[in-house]
Each structure stands twice: as C-alpha cells, then as structure tokens.
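Okay, so here's the structure we're looking at.
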Amino acid sequence: MSRRTRRQILREIALAALSAPIPLQSAQHVHRAAAEVKKKTSGVYKPRLFTPLEWAALRRLAGLIIPADEVSKGALEAGAPEFIDLLCSNNEELAAIYTGGLAWLDRQMENRHGTVFAEAKPEHQTSMLDLIAYRKNMSPDLGPGIRFFEWARRMVVDAFYTSPIGIKDVGYTGNKGQPTFHVPAAAIDYALKRSGLE
Amino acid sequence: MALRISKFRVATPVFCIFISPMQVIRSSPVYDVVVIGSGAGGGTVVKVLTDLGVNVALLEAGPMLNPARDFKEHMWPYQFEHRTAGEKGEYYFGRQKGFGFFSAAQGDWQLDGEPYTTGEGSQFLWFRSRVIGGRTNHYGRISLRFSDYDFKPHSFDGLGTDWPISYDDIAPYYDKAESFIGVTGTKEGLRTAPDGVFQPPPAPRVHEVLIKKACDRLNIPCIPSRMAILTKALNGRPACHYCGQCGRGCIPASNYSSSQVQIFPAMKSGRLKIVTGAMARELITDPSGKVTAVSYVDVNTRQEKRIRCRTVVLAASAMESTRLLLNSKGPRHPAGLANSSGVVGKYLTDNVGFGMSAYIPALEGMPKHDSDGFGGMHMYVPWWLIEDKQKGFPRGYHIEIGGGYGMPGLGSFYGVCRNHEGYGTALKKEIRRVYGNTVSLSGRGEMIPNDKSYMDIDPNVVDRFGIPVPRFHFAWSDYEIRQARHMAETFKAIFETMGGSVLGPSNPAREPGGISIGGTIIHELGTVRMGNDPKTSALNKYCQAHDVKNLFVADAAPFLTNPDKNPTLTIVALAWRTAEYLAEELRKSNV
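Keeping their order, the protein sequence lines are chains A and B. Residue numbering for the first sequence follows the numbering used here, beginning at 1249 and increasing consecutively. Residue numbering for the second sequence follows the numbering used here, beginning at 876 and increasing consecutively.
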C-alpha cells in the first residue's frame, strides 16, 4: 500500500492544475500511457461493419491513397481503415457510401480485369484509380466511382494527417506551450527574400 | 418497484410537506440585484457589484462551467478514435457542434427544443452558448475600443443616431476594463483605433510580417492586434503559454472569459448566489410598474420558479434580453416591458463579414517552426479610409489575419485533395509542400441600422419551456454590399503585393454572394437602444429603462452603432459603468 492517501493525490492533482506547464506534461503522459495500454490489448483488428472482402479492398485503397514513402509510413499504419470502419458502423448514410462504392469498384474491376479490387494485380488497381481519382474523367460510367473516391481520399487524408505519423510528416511542432513566443529570424529572412518585399 | 417507492415515502415523511408557490415567494429572499445572463455583460456586473458590497443573484440558463473537465486544451485529434469527427461522423455531414469538437462553445447555431424563426425573405443565424460564461468561453478575444465618431454617427456623416454618451464618458471604463481583463496592444495614435491600457503584444508570425510589408506598400496600416490575452501575469492569472488554442478554453485562464476572470472570483465574495439551469421567462411587475421578481423555468425539472429582486439587470445577450422584455406583457405595458417607445426589437444589426484566402509561394520551403502563438492573429489592419468620401459606402471595416502552421485537423488538406486530386506519393508530396503556406484575410465592418432588420416575437411558436421565440427579419443594404466588395478588392491587392495567388472566398457557405449571412459574425446587437428621449429610446444614458427605474440592460442591446470594432470590450466597459451607477442608486435608495 502506497503511503500517499487518495486525499494527497487529489491535492497534488489540484496543485498541478494551478500551474500551466505541469498539466501539459502530465496530460501528455496520461495520453501516452493510454495509448500503450491500447496497443498491448489490441490484437488483429476486427472490422465492425465491413465484410472481409470489403475490408481488404478498403485497406488496399487506403494504402494506395497515402502509401509509405521515404519520409513517413502510410495510411495503414496511421489507422485510416479503422477510422472509416468506426464512423461507418455508427452512421448508415456513410456506411452506404462505402459499401456502395466498394461494390461498384469490385464490379468495375471484374468487368475490366476479371477479378475484384482487393485481389487484382497492382497495375490493374492503379489503372482503375488513375480513372476515378480525377474529376476530368467524369462520365455516366465513372461518376459513382469518382464521387466515392473523393470520399475515400478525404477521409484517408484526414485520418493520416491527424495521426502522430502525419503530424510529424508535415512538420507541425506546436501544441506544447512555451514561456515566450519566438519566431526564428532565419524563417523571416527566408520568406522576405522570396516575397520581394524586403 | 412500487413497494420500494411506498417504503421510501413512509420512511421519509418530512419530504411530504406541500408548499404553494405563493408561500415560496413570500418566504424567499429579496436580492438587491438579480442579473440574468453570465456572459461579458453579466460577468462584469457581478464582478463590479460584489466588489462594491452588493448582494447579487445570477441566473444562467445553462450549467456551471468546469474548465478542467470541459475544456479540450492541448488535446490531439488522435486521442479520439473518431479523430474529432464525432462518434457518428457528424463532421462529414455538416452536423458537428458549433465551432467543432475542440471548441469550448457549449452551444450551437441550433439548440434542441429552443428554435427561432425568420421573417419571409430573411436569412439569419443565431449562436447561443448556454453555460456559465456564455460565449466568452470561446470567443475571439479581439478587444477594440470604439472611436469618438462611433458614438456620434449622425453628427459624423448624417446616418444613424448619436449615442447619449460620448467617447469621453466611456473612456475611463475602457481603462478599467482593459486594466482588469488584460489586453495586448501598442500606442498608435490612430483615430480609427483609439489607444488603451495595453500589455505588450507578442512578436508577429512570418506571414504577418509579410502582410505588414505588403500593407506598408499600399499605405494601409497594420498594427499589433488588441486581444484579451495576457502576455504578463495579472491578478493571479499566468501569462499566455502560446499554444494557440484560446477557442478551446484556457484552463489557466490566461485569456479573458467572464466565467474564469469575473464570476469564479466573485463566488468567493460570499455575496453571489448563482442559479444555473434557470431560463428566464418573464419579468414580474407591481402596480407601480417596478420589477419585483423574475419568473424562470428550472430547465431540469421544467418547474416554474420565481426569484425576488430590488433591481434587475438584463445581460442575457442582446437578443435574449429583447425577447424577455417583449414577452413581459401586462395591462399597463401591452407591447412588452420598457417598451412604451415601441423601439424594443428594432435596429437589429450584425457586422458585415467577408473572407478570402490565398496561397503564398514565398512561404514554400521555409524552415518549419512552432507558430502557434495566441489563439488568433498577432497583427491586424484597423480601418484607414476615414477621410475618403469617394469609396461608395459609409464608415468602414477592419481586417483580421489568419495563417501559420496550424495543428493538422479534419479538412486541413481538402484544398489539396480538390485542386491536386490524384493519390499516392505525389499527393503526399504536394501536401508536404503546401502545408502552412495559405493565408486568409477577413473583414469585419459596420452595418447601418435599417427598417428591414429587426427582431419580434413569433406569434405561432414557443420553445420547449413554452416561451414564445424570437423571429428575425434581416436585410443588408447597398452600403454593406458595396463595403464587402471593397473588402474583396483590398484583400486581393494585399495578396498580390506579397506575391500570393488568390484561392477564393474562405467561407462561401456562410458568405454567399460575397457577404455574410446576418448573425453569423455573432455581433448581433442594438435592439434595446439607449437615448435621451423616452419616445425614441428604451434606456437612458446609464442603460436604465426610461419606463422602469429598477430595470437595467448590460449586454450589447443598448448599443446604437455596430462599428468595425468587435463589441465585447465595449460590453464590458458599458456594463462596468452601468453597475457603478446602479450601486450608487441602490446606496441612495433611488431604485
């Protein structure tokens, strides 16, 4: 039994809440701890909404939209499919967009290449995306695919860039608080020179 | 179950005494002052009166605020499985709350069971935050003094009506307000942006330096912004820690909110009684016409209750205070209380709003750094064409600046998805390249009161408490439309001077046709105006009702103009003045 009583701990928390830097650190500590616990307890993810075939297609799509590259890992590591599955499992309107879109994609792939999206050759998958990833290809044949891809791209991008991997990728270094606000002179010089406003 | 209930009753007979409502009223205390509403006006009145030794009861329709529990300061989107989209993905269908998941607003444009309506042909949106502190918990903290001519508009250019007070009357209260809440700024000597009691401003961010340089070339002033955020500790509140999240609420209270800066300290005085969950329904008067009690609905039990008062201060927000007066009808005041003039509800205005964003290539490849700073701009553009008679519209606007390396969130890269399209490493590279290089400018300008813009009570609709609801009538005139066009031209000129390429309006849904929908700037005010003549105004120069001597209004309803300066600082200053006057009148037993 620890010598600190519940009352003491509560008092420490209350004191910590009175000074700005401590809650920052303790909050981050708590979040890290929570993330660790989650990592340990979660095994293979079981989709709440999607069938195994849909899930495989969604994962492949997410990996193609934001793949790993020389700077950072990709949408799969950032949890994009899980994010989409969670929201779809709570929202029938969104679920219909994804189940409908993925089914459309599979029928197109079967017609063009004789197999569903998840099981198609990589070059067949990308040749399909090269059609539906651009509004200029809008036609009665491709319309549903283009609209679905806009949803998928939006949400995969959102999931990736709200993850620690994506935040690091773009170089956001804030949300930590600092005693004074400082702007690096090198950054100002750089922008002024390039703007022609010097 | 039935057995258990009867057992409980038998065991606790003491709770079975029934009291009639009249008995409650007779035995209940009479407060010197009952204040309705806990935002900037109500918070200020509570602070000033309790400091002066007056006993106050504060009614708030929402719950108590608990910053440590309610504010989402420093949280990351990934701490939530839904990444701030809401459990049901509300964000993706435009159904997210207020200003998004992280915002401190415990409110929204629509509240369940509390509708409002609009007159035929009118568009108007109304933001309400029902909680201790109201909208000050999440507002923009921009704190601008009105200019001398803002109090004398008719003398200045023949439009509108002069206030019964001048800049000199309110200046000492601006001093008190700024000294107490803490406002940043620099002495500039501009007539369009009067100087005040300032804390030092933070350094400008890189994009703000570029805008300042571009403005210099265009002969447009660009000065440190005036924000109710501390850069030095004040009254036990620590200085800002520059996380950029003022809108989420600040747990250490380094920015101004009436809840943390005025009401929580006043609770320690022993002179403040707070009643939360109290939705004011009607002001009760005696045969002499004085207010004797406030009738309110306990929102949790839906029971009708009354609280007795010597005096009452309405600070429920301009629209709610107006609604309360119009709903307080009696045989001696059939058009509503304090409304023998018939002006209550008239002269509704909001600020003119228009925003535009641009891509700035000069920022591409710049060394990344923490640009969070304040929650909001460090520099702004005050109005500058005060002497120009050729511009085609009266009065003016100020310009707010947005930009920097914001925390990536939902929608941060929709622009890239839309414009670049595609997928894969190319999309990823493009996002990396453009991140942080977009800058936005927003204009906030003056609307001249007009006959088509007013609030009345919808004769056919009540809210879930049975209280008749407001109906808004709103129309911009050519003055405002020409002003919004002028904003667009100016923004384009500033962007082009800094080598930027215009991306377009930043909020086309809220600003269709290049001008904001009425109410969406959340500066709606003016509907219980002050004046020296009881025939053309509801309140005297101390915001005391001409018709009802123990009734005061302390929000933005008394304003006669809605200039290019956000109203909150003037609400605080005017409420401070009203509260001091009220305390003196109580001392002299004049009310």
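From the three backbone atoms N, C-alpha and C, an ideal C-beta is built for every residue, glycine too.
Listed by chain order, chain B residues near residue i by CB distance under 8 angstroms
i	result
A/Arg-1341	In the sequence as presented, Arg is not what sits at residue 1341 of chain A; that position holds Glu. Per Cβ cutoff of 8 angstroms: Phe-968.
A/Val-1383	With the sequence shown as reference, residue 1383 of chain A is identified as Arg, and Val is not the correct amino acid for it. Glu-1296, listed in chain order.
CB contact check: residue i to chain B, cutoff 8 angstroms
i	result
A/Gln-1426	yes
A/Thr-1410	yes
A/Leu-1528	A question about residue 1528 of chain A goes unanswered here, because the residues of chain A that appear run from 1249 up to 1446.
A/Val-1292	no
A/Leu-1445	yes
A/Phe-1429	yes
A/Arg-1442	yes
A/Asp-1389	no
A/Asp-1354	no
A/Leu-1324	no
A/Ala-1434	yes
A/Leu-1350	no
A/Phe-1365	no
A/Asn-1423	yes
Contact test: residue i Cβ vs the ligand FAD heavy atom, cutoff 7 angstroms
i	result
A/Ile-1415	No copy of the ligand FAD appears in this structure; indeed no ligand is present at all.
Sequence-distant residues of its chain with Cβ nearer than 7 angstroms to residue i (five each side left out)
i	result
A/Asp-1333	Pro-1295, Arg-1296, Leu-1297, Phe-1298
B/Pro-1269	Asp-1032, Leu-1034, Ile-1323, Tyr-1354
A/Ala-1352	According to the sequence displayed, residue 1352 of chain A carries Trp and not Ala. Same-chain partners within the cutoff: Pro-1392, Gly-1393, Phe-1396.
is_contact[residue i, chain A] using C-beta, thresh 8 angstroms
i	result
B/Lys-1243	yes
B/Val-1058	no
B/Thr-1436	no
B/Arg-1080	yes
B/Ile-1468	Residue numbering for chain B in the displayed model covers 876 to 1466; residue 1468 of chain B lies beyond these limits and cannot be assessed.
B/Glu-956	yes
B/Cys-1121	no
B/Ser-1246	yes
B/Cys-828	Outside the displayed span of chain B (876 to 1466) sits residue 828 of chain B, for which this structure offers no information.
B/Val-1084	yes
B/Glu-1371	no
B/His-949	yes
B/Leu-1238	yes
B/Val-1447	no
Pick from the options that is closest to residue i, judged by C-alpha positions
i	options	result
B/Arg-1404	B/Lys-1416, B/Phe-1139, B/Phe-1340, B/His-1398	B/Lys-1416
A/Pro-1420	B/Gly-973, B/Leu-1223, B/Asp-1422, B/Ile-1306	Correcting the residue type first, residue 1420 of chain A is Tyr in the shown sequence and not Pro. Out of B/Gly-973, B/Leu-1223, B/Asp-1422, B/Ile-1306, B/Ile-1306 has the C-alpha closest to the C-alpha of A/Tyr-1420.
A/Pro-1315	A/Tyr-1409, A/Asn-1339, A/Leu-1445, A/His-1361	A/Tyr-1409
B/Pro-1076	B/Arg-1319, B/His-1253, B/Gly-961, B/Glu-956	B/His-1253
A/Val-1319	A/Leu-1390, A/Arg-1395, A/Pro-1427, A/Gly-1414	A/Gly-1414
B/Ile-1397	B/Pro-990, B/Val-1227, B/Ala-1233	B/Val-1227
B/Leu-1019	B/Pro-1069, B/Asp-907, B/Leu-986	B/Pro-1069
A/Val-1497	A/Asp-1317, A/Gly-1322, A/Glu-1302	This structure cannot settle anything about residue 1497 of chain A, because the visible part of chain A is limited to 1249 through 1446.
A/Ala-1445	B/Asp-1326, B/Gly-1267, B/Tyr-1255, B/Ile-1235	A small fix is needed here, since residue 1445 of chain A is Leu in this sequence, not Ala. Among B/Asp-1326, B/Gly-1267, B/Tyr-1255, B/Ile-1235, the Cα nearest to that of A/Leu-1445 is on B/Ile-1235.
B/Asp-1430	B/Ser-1133, B/Ser-1163, B/Pro-1343, B/Cys-1115	B/Ser-1133
A/Arg-1308	A/Asn-1423, A/Gly-1362, A/Ala-1400	A/Ala-1400
B/Gly-1375	B/Ala-1233, B/Ser-1215, B/Pro-1162, B/His-949	B/Ala-1233
B/Leu-1449	B/Tyr-1014, B/Glu-1239, B/Thr-1160, B/Ala-1190	B/Ala-1190
B/Ile-1168	B/Glu-1460, B/Val-908, B/Gln-954	One point to set straight first is that residue 1168 of chain B is Ala, not Ile, in the sequence displayed. Comparing Cα-Cα distances from B/Ala-1168 to each of B/Glu-1460, B/Val-908, B/Gln-954, the minimum goes to B/Val-908.
B/Gly-1318	B/Val-1377, B/Met-1362, B/Asn-1294	B/Met-1362
A/Asp-1389	A/Asn-1359, A/Thr-1374, A/Arg-1402	A/Asn-1359
B/Thr-1036	B/Tyr-1456, B/Gly-1401, B/Arg-1452	B/Gly-1401
B/Ser-1196	B/Gly-912, B/Val-905, B/Pro-904, B/Ile-1098	B/Gly-912
B/Tyr-1014	B/Gly-914, B/Ala-960, B/Ala-1089, B/Arg-958	B/Gly-914
Amino acids of chain A, ordered along the chain, whose beta-carbon sits closer than 8 angstroms to that of residue i
i	result
B/Lys-1367	The premise fails here: B/Lys-1367 is roughly 16 angstroms from chain A at the closest Cβ pair, so nothing lies under 8 angstroms.
Within chain A, the residues that residue i reaches when beta carbons sit closer than 7 angstroms
i	result
B/Pro-1283	Tyr-1409, Thr-1410, Gly-1414, Ile-1415, Val-1418, Tyr-1420
B/Phe-1288	Val-1405, Tyr-1409
B/Asp-945	What B/Asp-945 touches in chain A: nothing, since even the nearest Cβ is about 13 angstroms away.
Contact set for residue i: own chain, Cβ-Cβ below 8 angstroms, skip 5 residues either direction
i	result
B/Phe-1073	Glu-1053, Val-1058, Thr-1059, Gly-1060, Thr-1061, Lys-1062, Arg-1101
B/Gln-998	Phe-1349, Ile-1392, Gly-1393
Same chain, Cβ closer than 6 angstroms to residue i, five either side skipped, listed in chain order
i	result
B/Lys-1165	Asn-1425
B/Ser-1004	Ala-980, Gln-981, Gly-982, Arg-1010
B/Gly-1406	Pro-1039, Ser-1412
Within chain B, partners of residue i - CB distance below 7 angstroms
i	result
A/Arg-1401	Cys-1292, Tyr-1298
A/Tyr-1438	Met-1241, Pro-1242
A/Pro-1315	Gly-1299, Thr-1300
Residue i: contacting residues in chain A (beta-carbon distance under 9 angstroms)
i	result
B/Gly-1374	Arg-1442, Ser-1443, Gly-1444, Leu-1445
Chain-ordered neighbours of residue i on chain B, where CB pairs are closer than 9 angstroms
i	result
A/Leu-1297	Under the 9 angstroms cutoff, chain B gives no residues; its nearest Cβ is about 12 angstroms from A/Leu-1297.
Next item on the list: Please specify which runs of the beta strand (DSSP E), each continuous and at least 3 residues long, are wholly inside the region 1039 to 1067 of chain B, giving them in chain order.
Entry: none
Margin query: In chain order, what are the residue ranges of uninterrupted beta strand (DSSP E) at least 3 long that sit wholly in the region 1297 to 1364 of chain B?
Written below: 1313 to 1320, 1329 to 1337, 1343 to 1348
Check: Which residue spans inside the region 1084 to 1168 of chain B form an unbroken alpha helix (DSSP H) run of at least 4?
Finding: 1139 to 1142
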